[in-house]
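> Protein chains in written order, with numbering that gives the first Met the number 0: chain A, 0 to 478; chain B, 0 to 96. Using N, Cα and C, we set each Cβ at its ideal position, and we do this for glycine too.
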Amino acid sequence: MNLPVIIKFVIDLLAVLLLALGIKGLSKVKSARDANRLAAFAMSLSVVGLLSYYLGTSGIAIQSWIWIIIGSILGSLFGAILAKKVPMTSMPETVALFNGCGGMSSLLVALGVAIFPISGGQENLDFFRTLINEVSISVSIFVGAITFTGSIVAMAKLQGWLSTPGWTQSKVRHFVNIVFAVASLIAFFDLINGNTSSIWLLVIVSSLLGIGVTLPIGGADMPVVISLLNSYSGIAAAAAGFVVDSQLLIVAGAMVGAAGLILTQVMCKGMNRSLVSVLFGGSLSAQSTASSGSGEYTNITSCSVEECALTLEAANKVIIVPGYGLAVAQAQHTLREVTKKLEQTGIEVVYAIHPVAGRMPGHMNVLLAEADVPYEQLKEMDVVNPDFPATDVVLVLGANDVVNPQAKNDSSSPLYGMPVLDVQEARTVFVIKRGMSAGYSGIKNDLFDLPNTSMVFGDAKKVLNDLIGELKDLGVGEK
Amino acid sequence: MSFISLLWVLLLGSLLGLELIGKVPPTLHTPLMSGANAISGITMLAALTLIVKAEGNVPLLIIGSVSLGFALFNVVGGFFVTDRMLAMFSRKPSNKK
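1. So, are the CB atoms of A/L394 and A/I431 less than 8 angstroms apart?
2. Rounding to the nearest angstrom, what Cα-Cα distance links A/I185 and A/F179 in this structure?
3. Which term fits A/L157, buried or exposed, when burial requires 16 or more other beta carbons within 10 angstroms of its beta carbon?
4. List, in chain order, every chain B residue whose beta-carbon is nearer than 9 angstroms to that of A/L44.
5. As an exercise, report each continuous beta strand (DSSP E) stretch of at least 3 residues that is fully enclosed by the segment 361-447 of chain A, in chain order.
6. Since A/I352 sits in a beta bridge, which residues does DSSP pair it with?
7. What residues from chain B crowd round A/K156, counting only those whose CB sits closer than 8 angstroms?
8. A/L106: beta carbon under 7 angstroms from a heavy atom of the ligand ADP?
9. Name the chain A residues that come within less than 7 angstroms of B/I62, Cβ to Cβ?
10. A/I136: buried (16+ other C-beta within 10 angstroms of its C-beta) or exposed?
11. Between which two residues does the alpha helix (DSSP H) containing A/M90 stretch?
12. Just tell me which of A/I225, A/S410, A/I140 and A/G345 has its CA closest to the CA of A/M359.
13. For A/V422 and A/A356, I'd like the C-alpha separation in whole angstroms.
14. Can you check which of these residues, A/P86, A/A95, A/N403 and A/L37, is closest to A/M417 by C-alpha distance?
15. Compare the Cα-Cα distances from A/A330 to each of A/V134, A/I131 and A/K460 and report the closest residue.
16. Determine, using beta carbons only, whether A/A314 and A/D391 come nearer to each other than 8 angstroms.
17. Taking contact to mean 3 or more Cβ pairs, one atom from each stretch, closer than 8 angstroms, check whether the segment 234-242 of chain A and the segment 35-50 of chain B are in contact.
18. Within the 8 angstroms Cβ cut-off, does A/N192 reach chain B?
19. Between the segment 194-210 of chain A and the segment 75-89 of chain A, do three or more beta carbon pairs fall short of 8 angstroms?
20. Evaluate A/L18 with the Cβ neighbour count: other Cβ atoms within 10 Å of its Cβ, from every protein chain shown; 16 or more gives buried, anything less gives exposed.
21. Who are the neighbours of B/I3 on chain A, taking C-beta pairs under 9 angstroms?
22. Compare the C-beta of A/L208 with all C-beta atoms of chain B and state if any pair is closer than 8 angstroms.
23. Between A/C100 and chain B, is there a C-beta pair that is closer than 8 angstroms?
24. Please report whether the beta-carbon of A/M37 lies at a distance below 8 angstroms from any beta-carbon of chain B.
25. Apart from the five residues on each side of it in sequence, which residues of its chain come closer than 8 angstroms, Cβ to Cβ, to A/C267?
26. Would you verify that the beta carbon of A/V9 is, or is not, closer than 8 angstroms to some beta carbon of chain B?
27. Residues of the segment 76-92 of chain A in Cβ contact with chain B at a cutoff of 9 angstroms, in chain order, please.
28. Return the bridge partner residues of A/F456 from the DSSP annotation.
29. Whose Cβ in chain B lies nearer than 8 angstroms to the Cβ of A/L247?
30. Could you check what DSSP says for A/M221 in three-state terms: helix, strand or coil?
31. Can you tell me whether A/A34 is buried or exposed? The criterion is at least 16 other CB atoms within 10 Å of its CB, across all chains shown.
32. Is there contact here, the segment 98-116 of chain A with the segment 54-66 of chain B, by at least three beta-carbon pairs under 8 angstroms?
33. Could you name each continuous alpha helix (DSSP H) segment of 4 residues or more that falls completely within the segment 176-235 of chain A, going from the start of the chain to the end?
34. Specify the secondary structure class of B/E54 as computed by DSSP and reduced to three states.
35. Taking 8 angstroms as the threshold (C-beta atoms), are A/I318 and A/V349 in contact?
36. Would you mind telling me which residues of chain B sit closer than 9 angstroms to A/G434, beta carbon to beta carbon, in chain order?
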């Protein structure tokens with residue numbers, strides 16, 4: 000081994016170690032931020048290692064430098080701008096977009112190598128080695144394309160640019176996807192047999208497969224899909240590692256692939272969905288139309304902001320249940336003002352965070368943290384559920400499915416078995432909501448019909464602002 | 000590197016990934032996903048290799064450069080956005096005490 004090889008080996012080893020520590024640290028609140036920076040550092044280290052290796056061996060042509068600089072400046076610039084500008088509410092679709100681009104990158108590398116075989120050592124390859132090359136190129140293209148189109152569809156659906164077309168809920172979609180899958184398999188074998196032109200067939204059908212699989216999935220399940228696609232992009236990276244013969248790529252790709260898979264599983268558990276039903280079950284709302292759970296509301300009580308304020312004033316313990324609707328209305332900060340007033344009067348305020356509140360697990364914590372809600376006041380579902388019977392008032396803000404008692408009581412409901420917050424156990428429940436529209440799953444919420452539930456209709460932000468006014472009139476929070 | 004040893008690398012890398020994430024508080028699901036997603040942009044190394052080895056083949060240089068751009072979009076954006084999310088958590092305890 001000569002010096003450049005040794006240097007690269009040591010740097011790669013160090014990078015893998017730091018990446019592993021980074022992923023590990025990201026799963027603990029305390030160390031997460033440093034871990035993220037550590038991982039970023041490890042990534043830049045790996046680039047330095049690779050470039051120094053080529054500088055020390057074959058050298059890097061000026062022309063190559065130019066294209067390296069163009070690509071990296073443009074990519075980094077757009078990435079940084081988007082990351083800084085995007086509002087916290089659209090975090091899930093942003094992750095999806097980034098992820099899709101990672102997949103696209105693996106796809107392009109494999110495509111480049113397939114069309115223009117890299118010179119150097121390629122001539123004296125034996126049959127076995129050529130086969131491996133072709134298999135890894137095909138896998139990289141296949142997984143990369145699925146990741147890209149799947150992520151873009153997921154992003155478009157979360158952004159609301161794309162709805163779920165009706166036909167995708169029929170059984171036909173399975174047939175269509177099977178056709179795509181079989182076609183990719185044919186292209187795959189054709190490619191390995193040495194028919195290079197079938198590479199385009201592979202690109203097209205695997206792209207279509209990515210669209211076909213993601214399109215029927217309902218918005219509520221999207222986080223799981225994004226997490227799964229994230230795992231795929233790791234696999235695509237590992238496959239690209241085989242293509243260019245890089246152990247570092249293979250390790251890092253495999254690590255992300257496996258970690259993504261575990262995370263996907265954890266998320267599924269939190270939403271009480273199995274991965275199979277997420278992928279092949281279609282969207283929840285489509286199932287619910289046929290279920291007995293849907294129907295008309297019979298016993299809705301609506302009340303004014305003033306009544307709500309009076310009840311709050313008399314309370315000792317208040318639990319806030321925030322949902323995505325709160326974030327959409329950008330009312331986190333207003334909510335924080337309301338709770339500040341209540342706290343000043345000595346009322347105990349706690350936020351109950353359902354594991355999938357928001358659009359993604361942990362999303363709501365991010366949004367509330369943005370509004371300066373103390374971390375200690377955010378209680379996870381299992382911790383807060385026993386507290387509801389001893390609670391005077393529950394404020395449900397823009398949350399719906401996660402407080403639906405159907406999940407516990409009605410075995411015919413599509414929500415049945417999903418862990419929910421037992422808000423109905425509290426003395427009084429106020430649901431602040433725009434209207435009677437259904438939640439994300441499209442399922443009727445039995446909570447609204449209960450006698451201790453009152454609806455306060457209106458935009459979350461406006462209602463909260465009115466509430467601040469009413470509380471002021473009552474002298475709450477003034478010293 | 001022989002193919003067999005690359006397979007070993009793949010296997011051990013996967014096992015490491017499985018082990019790394021044991022118990023994650025739901026709070027961290029989104030940042031973790033986003034951070035892991037940034038790491039999957041490691042394909043930038045493959046794109047770099049492609050460009051270096053292109054040896055004046057302009058179409059290949061362009062493909063490599065576009066690929067590098069996509070990968071870095073993923074990496075830089077991913078890490079920044081993760082940091083933005085995590086900054087909100089880490090700010091809290093220091094404010095309190």
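Judging by the given coordinates:
1. yes
2. 10 angstroms
3. buried
4. Within 9 angstroms Cβ-Cβ: nothing; A/L44 doesn't reach chain B, min ~11 angstroms.
5. 377-379, 392-396 and 427-432
6. A/E379
7. Correct list: empty, because the minimum Cβ distance to chain B is about 17 angstroms.
8. In the structure shown, the ligand ADP is absent, as is every other ligand, since no ligand is present at all.
9. L107, L110 and G111
10. buried
11. M90 to I114
12. A/I225
13. 14 angstroms
14. A/N403
15. A/K460
16. yes
17. yes
18. no
19. no
20. buried
21. Ordered by position in chain A, no residue passes the 9 angstroms Cβ test against B/I3, which lies about 10 angstroms from the chain.
22. no
23. yes
24. Here the sequence assigns Leu to residue 37 of chain A, which means Met is not the residue at that position. By this cut-off, A/L37 is not an interface position.
25. V223, S273, L274 and V277
26. no
27. L76, F77, G78, A79, I80, L81, A82, K83, V85, M87, M90 and P91
28. A/K432
29. I41 and L44
30. helix
31. buried
32. yes
33. 197-213
34. coil
35. yes
36. Those within 9 angstroms of A/G434 in chain B number zero; the least Cβ separation is about 29 angstroms.
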